[in-house]
Amino acid sequence: MTSKLCFGLVLAILLPVNLCIGVHLNVAGHRFNGHVQTHAHGHVPRTSLEVVKQWKVFTYNFLPHAPVQDVNFYNPANILSTGLAVMNDRIFMATPKLFAGVPSTLSWISRGEFDESPVLNAYPDWSYSTTGRTDFNCSDLVLVSVYRMRVDSCGRLWVLDAGISRSLEDYEKTCPPKILVFDVKTNQVVRRIDFPAGVLRGESLFTNLVIDETTAKAGTCDDVFVYISDTVEPGIVVYDSVRDTTWRVTHPAMYPDPDFAEANILNDRFVLMDGVVGFTFDPQKAIVYFQPFATDRIFSVTREVLRAGPIAINQVLPVKLVGKKSSQGISLAVSPIDGSIVFSPVTETAVATWNPITNEQHILAQDTTHLQFVSDMTVTEHDRGYVYVVSSKFHRFFLKNLDKEEFNNRIIRIPLPGGAKTAVAPFPQSYQTSSFPGLPVPLTLSNYYQLTNSLQPKAISHHALDNGYFSRPSGTSHPYEFENAGIINYSLKNPFNNLNQGESFPPPKESRNQDQYSFLESLAESPTHPTSIPPIFYHQRHVRNVKGATKH
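Those letters in the sequence shown? Residues -22 to -1, 1 to 530, per mature numbering (1 follows the signal peptide of the UniProt record, and there is no 0), in order.
See below:
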């Protein structure tokens, strides 16, 4: 009989919490409050993770006489989903044209569909697809390649079309990027937004968007701002819908960090030098959170800064470092319950939350089969208390070793802390301390196991902060300003490692000296006056597995 000590990690789940301080676990299972859960050695149960739909390969509701035998029109091995939007009756899915053979880049399935792997329906219909066609103009209502889309409070679907075909092959600039806004009740376009050449760069790839309705007039969704990520020529594009104006801002934090160019998922290693792609908005704090793929960090910028217009020459966008994660990741979301950041580190195949104010951290799900590569996540008014994620085996897809006999794309639903009667426990104190000089240590949470019926975060003030939430900690010489957030110490044992006691997973990674600046930090360093760094300095190429062609 072997016993192990667990480290206070949190599983915010509907079932009893099963990792806690001071409790000895049996290899075959463990007991809490009379409930026994068993699992294989080294494997964490999925608990509340719910698979909504899953596919080995995607099939479509094709029109009669569609050239489905033509691999340039339909190649199942070249199709994976990178985005989703959940509405009351339908789930919309984005399948960008990373390679040839993607018949429709935007599709939908019914939420009432009982089939585990339903066929996809082109949205709004097949006339919007450009695959296999030459009889269209870019001024037509067509969709070239969609990575993600979002739903506003009026129930309209904002679809971001990157306009790039075969982005992992020959990178054809089929059409300029645009946004089409659909009224899903009529399936008609109610607004079209074409981006001017002034906000584009040589190889711009628009992959994500968030809608800011915080100052919109009541009852209308037209008075909004939209923030768009450019992943290949890193930057954020801002669209003011009232003035119908667009501008662009950038910052070194939006660029990929070469120290994190190589990602590792279940020992599949690949190089992906993607810039800013993870993107979410907290309407309560009026903050945009963002992250490149090739980084271990999450950054933020305020709504007011983005709305203020282009940055003046020799000025730097006031970006703040929120904190560090255990590995790279794409998707971000904000919990509408308590404002926690929801993220998914790819090496750990997990989904977790982190409250920037209270520093409470919860692991919602960890699953080496179902959460291998989470490319998008969303919360919806139609199913409050849950986060929907789309996961795929992008790493296998990218490395061209996809097994079409396995499930390769999934839609998953996971309950959020406080959204149901979930049991939570705090992280141990060691994961709440700062890994940067001068950053204030968050108020210590109880270092013992404690059940609560729901998460009720409380604001924490820090006397070391000069001017409140966004102030630079006194005495720090770090080039970024900091938010009032705890930072996981990267030199300590990765908290996700404790989910796999007795295993050497994930592989050990050499820790970075916290007293030294990384490449990204050194770019932001300025001893005297803030200066801007010309974007051309960061120019990227699209050579797959060399400098890390992108795209998700």
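Every residue, glycine too, gets a C-beta built ideally from N, C-alpha and C.
A quick note: this is a predicted structure, and the numbers were derived from the prediction, not measured.
Query                                                                                                                                                                          : Result
Find the nearest neighbour of Val120 within the set Met127, Thr109, Val129, judged by alpha-carbon distance.                                                                   : Thr109
Do residue 582 and Asn53 have their C-beta atoms closer together than 7 Å?                                                                                                     : Outside the displayed span of the chain (-22 to 530) sits residue 582, for which this structure offers no information.
Provide the residue span of the beta strand (DSSP E) that contains His340, from first to last.                                                                                 : 339 to 344
Check the C-beta distance from Arg170 over to Lys156 and give it rounded, since I have them as a contact under 8 Å.                                                            : 6 Å
Where does His517 land, buried or exposed, given buried means 16+ other C-beta within 10 angstroms?                                                                            : With a pLDDT of 32 at His517, under the threshold of 50, the modelled position of this residue cannot be trusted; read the value that follows with caution. Flag for His517 reads exposed.
Could you please give the first and the last residue of the uninterrupted alpha helix (DSSP H) stretch that includes Phe372?                                                   : 372 to 377
In terms of alpha-carbon separation, which member of Asn39, Gly213, Val254, His373 lies closest to Phe248?                                                                     : His373
Taking the alpha-carbon positions, what's the Ile390 to Pro81 distance?                                                                                                        : 24 Å
Does Asp222 come out as helix, strand or coil in the three-state DSSP assignment?                                                                                              : coil
Rounded to whole angstroms, what's the CA-CA distance from Cys153 to Phe77? Just pull it up for me.                                                                            : 16 Å
So for Val279, helix, strand or coil by DSSP?                                                                                                                                  : strand
Measuring straight from C-alpha to C-alpha, what distance separates Thr336 and Lys263?                                                                                         : 14 Å
Look at Val122 and Gly141 and say whether their C-beta atoms are less than 7 Å apart.                                                                                          : yes
In this structure, does DSSP put Met127 in helix, strand or coil?                                                                                                              : strand
What whole-angstrom Cβ distance do Val64 and His360 have, given they're in contact under 8 Å?                                                                                  : 6 Å
Would you grab the beta carbon distance between Asp354 and Ser309 for me? Rounded to a whole angstrom, and I think it's under 8 Å.                                             : 5 Å
Whole angstroms are fine: how far does the CA of Val30 sit from the CA of Val124?                                                                                              : 22 Å
Using the Cβ count rule (16 or more neighbours within 10 Å means buried), how would you classify His43?                                                                        : exposed
Can you give the Cα-Cα distance for Gly396 and Thr331, rounded to whole angstroms?                                                                                             : 12 Å
Helix, strand or coil for Tyr217? Go by DSSP, reduced to three states.                                                                                                         : strand
At what residues does the beta strand (DSSP E) containing Tyr205 begin and finish?                                                                                             : 203 to 208
Can you look up Leu284 in the DSSP assignment and give me helix, strand or coil?                                                                                               : helix
Report the residue from Ser145, Phe271, Val177 whose alpha carbon sits nearest the alpha carbon of Lys302.                                                                     : Phe271
Which residue or residues does DSSP assign as beta-bridge partners of Tyr364?                                                                                                  : Pro393
Taking the beta carbon of Thr223 as the centre, do at least 16 other beta carbons fall within 10 Å, making it buried, or is it exposed?                                        : exposed
Please name the residue, chosen from Tyr106, Leu183, Ser117, Pro323, that lies closest to Ile341 on a Cα-to-Cα basis.                                                          : Pro323
Under a three-way DSSP split, which group does Asn186 fall into?                                                                                                               : strand
What do you get for Ala116, buried or exposed, if any count of 16 or more other CB atoms within 10 angstroms of its CB means buried?                                           : The sequence given here has Cys at residue 116, not Ala. Classification for Cys116: exposed.
Would you give the residue range spanned by the beta strand (DSSP E) that Gln47 belongs to?                                                                                    : From DSSP, Gln47 is part of no beta strand (DSSP E); its letter is neither H nor E.
Assess, as a yes-or-no matter, whether the segment 236 to 243 is touched by the segment 252 to 261 under the definition of 3 or more beta carbon pairs within less than 8 Å.   : no
DSSP beta-bridge partners for Val159?                                                                                                                                          : Trp136, Arg169
Would Phe238 and Asp208 qualify as a contact pair, given that the criterion is a beta-carbon distance under 7 Å?                                                               : no
Quick check: what's the CA-CA separation for Thr454 versus Thr228?                                                                                                             : Note that Thr454 scores 36 on pLDDT, short of 50, meaning its location in the model is unreliable; the coordinates nonetheless yield the value given after this. So the two alpha carbons sit approximately 24 Å from each other.
To the nearest angstrom, how far is it from the Cα of Val210 to the Cα of Ser182?                                                                                              : 6 Å
Count the other C-beta atoms from every protein chain shown that fall within 10 angstroms of the C-beta of Leu128, then say buried if there are 16 or more, exposed otherwise. : According to the sequence displayed, residue 128 carries Arg and not Leu. Buried, by the Cβ-count rule.
For Leu250 and Ala196, I'd like the C-alpha separation in whole angstroms.                                                                                                     : 42 Å
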